[in-house]
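In what follows, a single structure is set out as structure tokens and then discussed.
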Amino acid sequence: MKLGLKAAFLASTLLVAAPLAAQEKLKATWTDPDDPTTAPVTAYMHVLESQVERNTGEAYDIELYPNGQLGDQRAMVQQVSRGSLHFANIASGVLASLGYPQLGIVDMPFLFKSRAHFNATMHRDNPFIAKLLDDVAAETGIRIISLHPYGFRNMTTKETPVTSPEDMAGLRMRTMEVVPHQKMMEALGATPVPIPYLELYTSLQTGVVDGQENPPSNIILQRFYQVQGHMTETQHVMTVGAVITNEEWWQSLSDEDRTAILAADAEASLAHDGIGAVNDLLGVQTIRDEGVEVHTLGPDQLEAFRSATIEPTKAWAIEQFGEEFVTGFFDHMASYEAQF
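Shown next as structure tokens:
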């Protein structure tokens, strides 16, 4: 039976007026300022927000909380664990220190030659890395969606120029709560002092510590150059960023939504690395222009730092994680040696 004109009009009106499915609100946070043109993680988060919403037909609405608005990285891990926070970018070593120590293997000194080397060896599809991330999720309830090369770290000090490991002796150096970083400092004769990132400027200003180590981008973003007189281009560790989420929530998603989020992550990672590479290129000169004396090391000087740190930290890792795990990791890294 055909609908009358009036009935057909009412039916079409009801269809037009039917409410859209409610968007699920998600929260994402990180510690950097909200400037995607200068902060790699900020660029990542803005692209992730846009692409997740686009890839899922706006089923999700991601609210962004930059600049540590929801707390420091330890607090972020706790909120992700509880399920009250959906995405956070943290240093992977923070999660290692709080819940899964073996993850600290990626924070060993002098592992990576470049951002490209990092991305090739740390991709979640690599069998060793895939198993590591699955194990982290099973043990902690936190899923690492991706690992990122945030930038090579350099030493800075207020008064002491550092051009050799011997110059580090007796210095109080701030580190993250990342045990391999602390063991590296001890191998160099310095005293590691873990201080939250958001408290570091004041600690440098007041002399709680003599120096710190960070990528040039962080030194610029947090204006550490205002309270440090020297920087040494040691590039001793690649800062490993981890995008984390709650494993229970992650597994509750449909396959389609997980695929959509991972596709958004891949796109956002390109923005992260692009901004990061530009920062690598321009950052050192910016720091020099701000009045910091920059010390560029020659091959023999860099080798002295490598020799002083690699074996002690590897021996520590074997003692902590077992020879099979550590050997497996270094075999994984060696399989890419010819490419880089």
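Once you know that position 111 of the sequence shown is 91 in this note's numbering, the rest is easy, because the numbers rise by one and skip nothing.
The C-beta atom is built at its ideal place from N, Cα and C for all residues, glycine as well.
Note that the structure is predicted; figures quoted are calculated from it, not measured.
How about residue i and residue j: do their beta carbons lie closer than 8 Å?
i      : j      : result
Thr293 : Met164 : yes
Arg203 : Tyr181 : yes
Ser72  : Leu83  : yes
Leu120 : Gly79  : Reading off the sequence, residue 120 comes out as Thr, not Leu. It is a contact, given that the beta carbons lie within the stated cut-off.
Ile109 : Ile224 : no
Val74  : Arg104 : no
Pro174 : Gln162 : yes
Val158 : Ser77  : yes
Gly254 : Ser197 : no
Gly131 : Pro195 : yes
Ala2   : Glu29  : no
Tyr40  : Ala248 : no
Leu261 : Thr214 : no
Pro20  : Asn259 : yes
Asn35  : Ala257 : no
Val189 : Arg238 : no
Arg133 : His216 : yes
Asn106 : Trp10  : no
Phe320 : His97  : yes
Thr17  : Leu201 : no
Ala297 : Ile85  : yes
Asp87  : Pro160 : yes
Ala284 : Ser144 : yes
Glu43  : Lys5   : yes
Pro81  : Gln300 : yes
Val32  : Ala251 : no
Leu91  : Met313 : yes
Ala118 : Tyr316 : no
Taking the DSSP output, what are the residues bridged to residue i?
i      : result
Ser126 : Val223
Asp41  : Lys5
His275 : Thr212
Met218 : Phe132
Thr137 : Gly191 and His210
At what residues does the alpha helix (DSSP H) containing residue i begin and finish?
i      : result
Phe309 : Glu303 to Ala314
Thr9   : First-last for Thr9: Glu4 to Thr9, but that is the beta strand (DSSP E), not the alpha helix (DSSP H).
Tyr181 : Leu180 to Thr186
Ala110 : Pro107 to Thr120
Pro104 : One point to set straight first is that residue 104 is Arg, not Pro, in the sequence displayed. No alpha helix (DSSP H) contains Arg104, which DSSP labels as neither H nor E.
If you measure from the CB of residue i, is any heavy atom of the ligand NAD nearer than 7 Å?
i    : result
Glu4 : The model on display carries no ligand, and the ligand NAD is accordingly not part of it.
Could you spell out where the beta strand (DSSP E) holding residue i opens and where it closes?
i      : result
Glu247 : First-last for Glu247: Asp235 to Asp269, but that is the alpha helix (DSSP H), not the beta strand (DSSP E).
Asn194 : Gly191 to Asn194
Does residue i have its Cβ less than 8 Å from a Cβ in chain B?
i      : result
Phe204 : Of the protein chains in the structure, only one exists, and it is not chain B.
Three CB pairs or more closer than 8 Å across the region 270 to 278 and the region 42 to 62: Contact fails: fewer than three Cβ-Cβ distances are below 8 Å.
Contained beta strand (DSSP E) runs [length at least 3] in the region 143 to 175, N- to C-terminal order: Listed in chain order, the complete beta strand (DSSP E) runs (minimum 3 residues) inside the region 143 to 175 are 152 to 155 and 171 to 174.
Cβ contact check for the region 209 to 218 and the region 136 to 148: 3 or more pairs under 8 Å: Contact holds: three or more Cβ-Cβ distances are below 8 Å.
Given 8 Å, three or more beta-carbon pairs between the region 228 to 236 and the region 275 to 289: No, the region 228 to 236 is not in contact with the region 275 to 289.
Inter-stretch contact (C-beta, 8 Å, three-pair minimum) for the region 213 to 221 and the region 144 to 151: No contact exists between the region 213 to 221 and the region 144 to 151.
Minimum length 3: unbroken beta strand (DSSP E) runs contained in the region 16 to 90: Within the region 16 to 90, the complete beta strand (DSSP E) runs of at least 3 residues are 40 to 45 and 67 to 71.
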